[in-house]
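Visitor: Plus 6 on top of the position in the first sequence (first one is 1) and you've got this note's numbering.
Every residue gets a Cβ at the ideal spot worked out from N, C-alpha and C, and that includes glycine.
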Amino acid sequence: MPTELTKNYDPKCVETRIYAEWENAGCFGADATDCAPPFTIVIPPPNVTGVLHMGHALDNTLQDILVRYKRMSQFATLWVPGTDHAGIATQNVVEKQLEKEGIERKSMDREAFLKRVWEWKEKSGGQIIHQLKRLGASCDWSRERFTMDEGLSKAVRQVFVTLYKENLIYRSNYLVSWCPRCQTALSDLEVEHENIEGKIVYFKYPLGDGRHIMVATTRPETMLGDTAIAVNPKDKRYKDFIGQEVIHPLTQARLKIISDSYVDQSFGTGAVKITPAHDVNDYELGKRHQLNMPTILNEVGQIELPNSIYHGLDRFEARNKIIEDLKALGLFEKSEPHQHAVGHCQRCRTIIEPRISDQWFVKIKSLADPAIAAVKNGQTRFVPEHWTDTYLSWMENIRDWCISRQLWWGHRIPVWYCQDCDHQTVSIEDPVECESCASPKLIQDPDVLDTWFSSALWPFSTLGWPDASPDLKKFYPTSVLVTGFDIIFFWVARMMMMGLKFMKAAPFEIVHIHALVRDEHGKKMSKSKGNVIDPLVLMDQYGTDAFRFALASFSIQGRDILLSVKRIEGYRNFITKLWNAGRFLRQSLSDKPIPDNPSLADQWILERLSQVTEELKITLESMKFNEAADLLYQFIWHEYCDWYLEMQKVTPNYKVALHAFNTILHLLHPLCPFVTEELYQTLIENKPSPFLMLSLFPKAQKQSDSRVLKTFDLIQSLIESIRNFRSENKIAPSKKLTIQIAKESSKTNQDLAMTHKPYVLSLAGVQNLFTADQSVSMDKTSKLQVQNHDIELIVSWEGLIDTNAEKERITKQLDQARQDQKFLETRLQKKSYRDKAPKHLIERDEQKLKEASTLVKKYESELKGL
RNA sequence: GGGCGGUUAGCUCAGCGGGAGAGCGUCUGCUUUACACGCAGAGGGUCGGGGGUUCGAAUCCCUCACCGCCCACCA
Numbered sequence: 007m008p009t010e011l012t013k014n015y016d017p018k019c020v021e022t023r024i025y026a027e028w029e030n031a032g033c034f035g036a037d038a039t040d041c042a043p044p045f046t047i048v049i050p051p052p053n054v055t056g057v058l059h060m061g062h063a064l065d066n067t068l069q070d071i072l073v074r075y076k077r078m079s080q081f082a083t084l085w086v087p088g089t090d091h092a093g094i095a096t097q098n099v100v101e102k103q104l105e106k107e108g109i110e111r112k113s114m115d116r117e118a119f120l121k122r123v124w125e126w127k128e129k130s131g132g133q134i135i136h137q138l139k140r141l142g143a144s145c146d147w148s149r150e151r152f153t154m155d156e157g158l159s160k161a162v163r164q165v166f167v168t169l170y171k172e173n174l175i176y177r178s179n180y181l182v183s184w185c186p187r188c189q190t191a192l193s194d195l196e197v198e199h200e201n202i203e204g205k206i207v208y209f210k211y212p213l214g215d216g217r218h219i220m221v222a223t224t225r226p227e228t229m230l231g232d233t234a235i236a237v238n239p240k241d242k243r244y245k246d247f248i249g250q251e252v253i254h255p256l257t258q259a260r261l262k263i264i265s266d267s268y269v270d271q272s273f274g275t276g277a278v279k280i281t282p283a284h285d286v287n288d289y290e291l292g293k294r295h296q297l298n299m300p301t302i303l304n305e306v307g308q309i310e311l312p313n314s315i316y317h318g319l320d321r322f323e324a325r326n327k328i329i330e331d332l333k334a335l336g337l338f339e340k341s342e343p344h345q346h347a348v349g350h351c352q353r354c355r356t357i358i359e360p361r362i363s364d365q366w367f368v369k370i371k372s373l374a375d376p377a378i379a380a381v382k383n384g385q386t387r388f389v390p391e392h393w394t395d396t397y398l399s400w401m402e403n404i405r406d407w408c409i410s411r412q413l414w415w416g417h418r419i420p421v422w423y424c425q426d427c428d429h430q431t432v433s434i435e436d437p438v439e440c441e442s443c444a445s446p447k448l449i450q451d452p453d454v455l456d457t458w459f460s461s462a463l464w465p466f467s468t469l470g471w472p473d474a475s476p477d478l479k480k481f482y483p484t485s486v487l488v489t490g491f492d493i494i495f496f497w498v499a500r501m502m503m504m505g506l507k508f509m510k511a512a513p514f515e516i517v518h519i520h521a522l523v524r525d526e527h528g529k530k531m532s533k534s535k536g537n538v539i540d541p542l543v544l545m546d547q548y549g550t551d552a553f554r555f556a557l558a559s560f561s562i563q564g565r566d567i568l569l570s571v572k573r574i575e576g577y578r579n580f581i582t583k584l585w586n587a588g589r590f591l592r593q594s595l596s597d598k599p600i601p602d603n604p605s606l607a608d609q610w611i612l613e614r615l616s617q618v619t620e621e622l623k624i625t626l627e628s629m630k631f632n633e634a635a636d637l638l639y640q641f642i643w644h645e646y647c648d649w650y651l652e653m654q655k656v657t658p659n660y661k662v663a664l665h666a667f668n669t670i671l672h673l674l675h676p677l678c679p680f681v682t683e684e685l686y687q688t689l690i691e692n693k694p695s696p697f698l699m700l701s702l703f704p705k706a707q708k709q710s711d712s713r714v715l716k717t718f719d720l721i722q723s724l725i726e727s728i729r730n731f732r733s734e735n736k737i738a739p740s741k742k743l744t745i746q747i748a749k750e751s752s753k754t755n756q757d758l759a760m761t762h763k764p765y766v767l768s769l770a771g772v773q774n775l776f777t778a779d780q781s782v783s784m785d786k787t788s789k790l791q792v793q794n795h796d797i798e799l800i801v802s803w804e805g806l807i808d809t810n811a812e813k814e815r816i817t818k819q820l821d822q823a824r825q826d827q828k829f830l831e832t833r834l835q836k837k838s839y840r841d842k843a844p845k846h847l848i849e850r851d852e853q854k855l856k857e858a859s860t861l862v863k864k865y866e867s868e869l870k871g872l
């Protein structure tokens with residue numbers, strides 16, 4: 007006999023032990039030669055710098071649920087794990103560490119810095135992987151990848167070179183968003199706009215003839231780079247100014263007044279200062295009018311004009327100084343509060359500056375088109391569906407992707423410039439000489455690629471591409487991608503484009519977009535708000551299974567999650583309940599003799615198991631995790647424990663009870679892997695598989711026996727009505743009741759009730775249950791209705807309650823019955839209802855009305871009899 | 001400026017065309033030897049406002065209000 011179970015489940019020691027057992031036994035490994043159909047998920051690779059947060063916890067719990075379910079359903083299941091090098095984020099982390107040591111990055115050379123990053127990565131990069139294991143993630147760790155490992159780097163080069171050769175990657179001098187802190191260009195997506203209560207400054211540009219033209223700006227310092235003033239051609243106020251020139255009060259340069267329909271007459275003064283090198287609109291306008299585009303800001307956001315008094319000033323210092331200087335010149339008009347959107351660096355929150363520089367771009371249109379088509383034609387499906395629109399509208403308005411970053415940490419751009427002939431050599435292998443003039447004097451482009459460039463290849467690069475690996479053949483395209491909406495554009499869209507381009511097939515069948523986890527007040531969790539809840543703490547406190555179950559139950563499609571610790575606690579109780587059910591089986595049932603025939607309870611639980619199995623399958627397949635969790639919770643607690651196990655005290659049958667419990671463990675395993683595995687291993691004898699996680703997921707029976715369900719329902723309702731009577735009249739459980747079945751009851755039901763009499767006695771606290779034909783002398787009695795069944799009970803209450811209390815109870819029932827009667831009468835009297843409603847509803851209502859009317863009569867006569 | 005989501009019991013949320021549901025909280029009983037992280041009951045809602053479609057609307061359509069999010073180059 008296996009060991010006894012402890013009174014309470016102890017998650018901490020069980021979880022560590024079980025996970026190690028799985029890992030040692032190789033339970034997570036996938037086999038590319040398996041001939042079963044594949045089920046593949048690639049993990050959204052967390053940053054190597056990362057620690058597990060709520061978002062990861064949710065994301066990976068959902069993935070693990072799907073993976074475990076599919077693995078048990080005999081798919082060749084692969085979950086590919088890994089981490090992302092996270093260019094800017096990681097570089098920032100290491101820079102900060104250096105800062106603490108008083109070292110500035112730029113004082114080091116590139117190799118020394120990179121060595122530092124790699125060291126740091128080796129040391130703390132594994133942290134999040136450990137935390138994923140803590141969560142129970144059943145990834146195939148033998149296939150763990152890192153976006154900068156050898157294979158993935160090879161894939162990156164291959165893609166870059168191919169796109170370059172097809173003219174889909176080009177280099178251009180262009181206005182891009184620039185972070186003066188990170189000192190790199192950013193893609194449009196990495197700029198986050200935030201509404202800021204700022205100031206708009208009005209000042210005058212003199213024409214030199216005594217006239218002025220007034221402009222408004224939120225960034226006065228950019229006037230140092232102004233090359234024109236623009237007005238709307240239709241604006242009568244400025245008709246005479248067009249074509250004239252103003253004199254720049256600080257540089258004495260002459261700026262032309264030009265007209266362009268872009269200018270909004272109703273905003274500001276209707277005249278706009280134009281800074282082509284530092285503003286997106288001005289840049290476009292500058293190109294249209296062939297304006298000069300002087301750059302006035304350097305890479306750290308200082309004014310760079312060697313002959314100017316502003317040279318070297320930080321942009322915000324310059325702003326203040328220029329306002330002062332304009333005031334001194336009498337050109338300053340006013341400054342007003344003004345709310346406007348300001349771009350911030352996603353990684354360091356610094357205000358970005360648009361700046362012209364040489365950057366590499368991906369020409370995106372021809373890549374986007376197939377990615378749009380694949381979603382439109384259903385090759386890839388979003389769940390929930392409404393994210394399709396978000397995806398499509400972004401893809402349809404997509405702009406070229408700036409992929410170069412002026413960082414050190416990342417995939418170096420595989421382009422070499424020849425010192426002799428200027429030719430660009432673009433190559434998969436590091437070249438030794440210029441491919442044009444054979445000169446050995448080559449210098450590699452110093453920039454690295456946007457992190458998302460390598461992430462975009464993740465679904466196939468992790469499977470061995472560009473080699474034709476068995477994994478690639480077996481497991482691509484992947485089945486489901488599970489991720490948050492915040493990276494649909496950054497990541498999902500780009501994987502779609504790259505997958506279609508290089509694998510000729512969309513990388514996923516389904517993209518499941520899950521919710522954002524907020525705090526219990528609906529606020530986004532953030533360090534600055536101090537409302538971050540650490541998933542690891544919750545796992546410690548309530549156990550991983552309870553935590554996972556809670557996350558699943560929170561996962562309502564299309565709705566954000568408000569994390570409620572109270573609910574996690576409730577699911578901890580649920581795990582304890584399950585645990586104790588297991589204890590009960592072992593302690594109180596295992597030694598009882600097994601009857602030849604299954605009892606009503608046994609037959610019923612088997613029916614219900616089959617139904618629940620089927621329903622669970624549907625909810626999991628459609629990724630309605632909350633419904634799966636609710637279904638299991640309800641069934642396990644309120645059916646298996648509350649009814650079935652209670653009935654086992656009357657009709658024990660260890661064999662069936664254990665079988666049912668075993669099935670429950672299987673059904674629950676994808677959500678709560680640890681406790682189910684532990685119970686399986688300790689309770690189940692003659693296991694077909696040593697591990698629950700490798701066992702077969704249950705299958706529903708095709709047909710159900712509705713007679714069993716109906717009979718059970720009768721007994722259940724009967725017990726409930728007695729319990730209700732008892733409770734309403736405050737009869738102590740110790741006082742046993744005497745009950746007789748009324749002769750008005752249907753004969754069948756009378757027989758059924760008597761057959762299953764032991765359940766009634768035990769579960770409703772009844773000492774005697776008499777048939778209608780027995781002559782029993784009972785003095786003070788009441789009739790109990792049983793919901794939805796043709797059966798009545800006569801309960802004797804002499805000495806238990808007083809007449810008034812019973813009068814009250816019956817009056818209450820009578821009121822309810824009258825209400826029902828009235829409701830149904832009104833509805834059935836309506837001609838339009840009789841004419842148009844479906845027949846079965848009319849019949850149903852007629853039946854119900856009949857029942858209600860008899861009830862009313864019965865209660866009325868009972869009241870009289872009291 | 002566009003687009004999306006939400007508004008249902010005190011709280012957190014299911015339900016999305018046929019007489020309002022769960023969990024937690026509240027209240028009333030229970031030392032019923034698996035479980036007080038428990039058991040048995042109860043109370044509690046004109047389903048945000050208004051209009052429409054329908055025999056019938058929390059559920060479909062329109063409109064308004066209030067929250068929240070995403071996208072967008074108004075100086």
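(1) Label Gly-216 either buried or exposed according to how many other C-beta atoms from any shown protein chain fall within 10 Å of its C-beta, with 16 as the threshold for buried.
(2) Skipping 5 residues on each side, what residues in its chain have a beta carbon closer than 7 Å to that of Ser-888?
(3) In the DSSP assignment, what are the bridge partners of Ala-234?
(4) As an exercise, report each continuous beta strand (DSSP E) stretch of at least 3 residues that is fully enclosed by the stretch 384 to 413, in chain order.
(5) From what residue to what residue does the beta strand (DSSP E) around Lys-205 run?
(6) Taking the C-alpha atoms as reference points, what is the distance between His-795 and Leu-806?
(7) Compare the beta carbon distance of Glu-627 and Leu-637 with 8 Å and say whether it is the shorter of the two.
(8) If you run the structure through DSSP and keep just helix, strand and coil, what is Tyr-686?
(9) By alpha-carbon positions, which one of Ile-329, Leu-855, Ala-587 and Leu-230 ends up nearest to Asp-285?
(10) Check whether the Cβ atoms of Arg-94 and Arg-353 sit closer than 8 Å, and answer yes or no.
(11) Between the beta-carbon of Arg-405 and the beta-carbon of Ala-191, is there less than 8 Å?
(12) Give the straight-line distance between the Cα atoms of Lys-129 and Pro-87, rounded to the nearest whole angstrom.
(13) Going by DSSP, which residues form a beta bridge with Gly-88?
(14) Could you spell out the range, first to last residue, of the beta strand (DSSP E) harbouring Gly-490?
(15) By the 10 Å Cβ neighbour count, where 16 or more other Cβ atoms means buried, how is Ser-461 classified, buried or exposed?
(16) How is Ala-334 classed by DSSP in three states: helix, strand or coil?
(17) Compare the beta carbon distance of Leu-319 and Lys-327 with 8 Å and say whether it is the shorter of the two.
(18) Flag this pair as yes or no: are the beta carbons of Thr-55 and Val-20 separated by less than 8 Å?
(19) What are the partner residues of Gly-349, as DSSP defines its beta bridges?
(20) Buried or exposed: Tyr-289, going by 16 or more other Cβ atoms within 10 Å of its Cβ?
(21) In terms of residue numbering, what span does the alpha helix (DSSP H) encompassing Trp-464 cover?
(22) Quick check: what's the CA-CA separation for Pro-8 versus Leu-615?
(23) Answer with buried or exposed for Ile-600, where buried requires no fewer than 16 other C-beta atoms within 10 angstroms of its C-beta.
(24) Where do the N-terminal and C-terminal ends of the alpha helix (DSSP H) with Glu-28 fall, by residue?
(25) Determine the burial state of Ile-449: buried for a count of at least 16 other Cβ atoms within 10 Å of its Cβ, exposed for fewer.
(26) Within the stretch 503 to 531, note down every full beta strand (DSSP E) run reaching 3 residues or more, in order along the chain.
(27) Going by C-alpha to C-alpha distance, which of Ala-36, Pro-255 and Asp-90 sits closest to Thr-233?
(28) Which of the three DSSP states, helix, strand or coil, is assigned to Thr-860?
(29) Comparing alpha-carbon positions, which option in Pro-483, Arg-361, Asn-313 and Asp-540 lies nearest Ala-5?
(30) Which residue wins for smallest C-alpha separation from Ala-587, given the options Thr-682, Ile-493 and Asn-603?
(31) For Phe-273, count the other beta carbons within 10 Å of its own beta carbon; 16 or more makes it buried, fewer makes it exposed. Which is it?
(32) Could you tell me whether the stretch 813 to 827 touches the stretch 754 to 763, where touching means 3 or more Cβ pairs closer than 8 Å?
(33) Taking the continuous alpha helix (DSSP H) assigned at Met-78, which residues delimit it?
(34) What are the boundary residues of the alpha helix (DSSP H) that Val-286 is part of?
(35) Nearest CA to the CA of Glu-857: which residue from Lys-836, Lys-870 and Glu-831?
(36) Of all the options Pro-420, Pro-696 and Lys-583, which has the alpha carbon lying nearest to the alpha carbon of Gln-164?
Guide: Taking the definition as stated:
(1) exposed
(2) Given that the chain is displayed from residue 7 to residue 872, the structure contains no residue 888 and the question cannot be resolved.
(3) Lys-262 and Ile-280
(4) 387 to 389
(5) 197 to 212
(6) Distance between the alpha carbons of His-795 and Leu-806 is about 27 Å.
(7) no
(8) helix
(9) Leu-230
(10) Reading off the sequence shown, one finds Ile at residue 94, where the question assumed Arg. Going by C-beta atoms, Ile-94 is nearer than 8 Å to Arg-353.
(11) no
(12) 19 Å
(13) Arg-151
(14) It spans 484 to 490 - the beta strand (DSSP E) in which Gly-490 sits, taken as one unbroken run.
(15) buried
(16) helix
(17) yes
(18) One thing to note: Thr-55 has its Cβ no nearer than 8 Å to the Cβ of Val-20.
(19) In DSSP, Gly-349 forms a bridge with His-199.
(20) Classification of Tyr-289: buried, given that the 10 Å Cβ count is 16 or more.
(21) Start and end: 464 to 467.
(22) For Pro-8, the predicted structure reports a pLDDT of 44, less than 50, and the residue's modelled location is therefore unreliable. The matter cannot be settled from this model.
(23) With fewer than 16 other beta carbons inside 10 angstroms of its own, Ile-600 counts as exposed.
(24) Sequence check: residue 28 is Trp here, not Glu. Taken as a continuous stretch (DSSP letters only), the alpha helix (DSSP H) holding Trp-28 covers 17 to 30.
(25) exposed
(26) Counting only runs of 3 or more, we get 514 to 520.
(27) Pro-255
(28) Shown here, Thr-860 sits in a helix according to DSSP, grouped into three states.
(29) Residue 5 lies beyond the range of the chain shown here (7 to 872); nothing can be said about it.
(30) Thr-682
(31) exposed
(32) no
(33) Per DSSP, Met-78 belongs to the alpha helix (DSSP H) from 60 to 78.
(34) 286 to 294 is the span of the alpha helix (DSSP H), which, as asked, contains Val-286.
(35) Glu-831
(36) Among Pro-420, Pro-696 and Lys-583, the Cα nearest to that of Gln-164 is on Pro-420.
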